[in-house]
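**Student:**
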Amino acid sequence: ATPHSDRRFAPLSRGGGGGMAAMGKPPLRGALISHMKSSADNPAALDALHKMLTREIEHVRGKIAELQGGGAPVGESDEEMARRLAAEMETEEREERTRQAAEQERLTRELLYTCNVCKG
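Under UniProt numbering, the sequence shown has 33 at position 33, and the numbering climbs by one with no breaks.
1. Starting from residue 44, follow the alpha helix (DSSP H) in both directions and report where the run begins and ends.
2. Which stretch, first to last residue, makes up the alpha helix (DSSP H) that contains residue 96?
3. If I'm right that residue 46 touches residue 38 with Cβ under 8 Å, what's the distance once you round it to whole angstroms?
4. So, for residue 68: in the same chain, excluding its five sequence neighbours on each side, which residues have a beta-carbon less than 6 Å away from its beta-carbon?
5. Which class does residue 30 belong to by DSSP, given the choice of helix, strand or coil?
6. Assuming residue 49 and residue 36 form a contact by the criterion Cβ under 8 Å, report the distance between their Cβ atoms to the nearest whole angstrom.
7. If we count the other Cβ atoms within 10 Å of its Cβ and call it buried at 16 or more, is residue 16 buried or exposed?
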């Protein structure tokens, strides 16, 4: 494939391409391109764009860390993380106790249903 015949090499502004674009157009790409074109000579607009992109990058890094099990969301203190982890563990323990109780109930019902002495 040549760069001209392969959609993966299509310019960003045309909205085509493979790779990440195959999963859907990145949500900010069109807005960023038009904003950059319209504010190229405006320092305040470029500063606002820089701040927005910095926030977006931090948000994405936090999401990646969460998805990889890399720990706390961005900006979470040690105390907040400890509280969050304690709450998650408590929830998991409660769910496990509920599962165990349901399994015990099922086994008891099965025993009572199949027990020849109980059917008496």
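Ideal Cβ placement from N, Cα and C applies to all residues, glycine included.
**Tutor:** The structure says:
1. 43 to 67
2. 78 to 114
3. With 8 Å as the limit, residue 46 and residue 38 do not qualify as a contact, their Cβ atoms being about 11 Å apart.
4. none
5. helix
6. Contact between residue 49 and residue 36 holds, with the beta-carbon distance rounding to 7 Å and staying under 8 Å.
7. Low per-residue confidence applies at residue 16: pLDDT is 45, beneath 50, and the placement is therefore not dependable, though the value from the model is reported in the following sentence. Exposed, since its Cβ has fewer than 16 Cβ neighbours within 10 Å.
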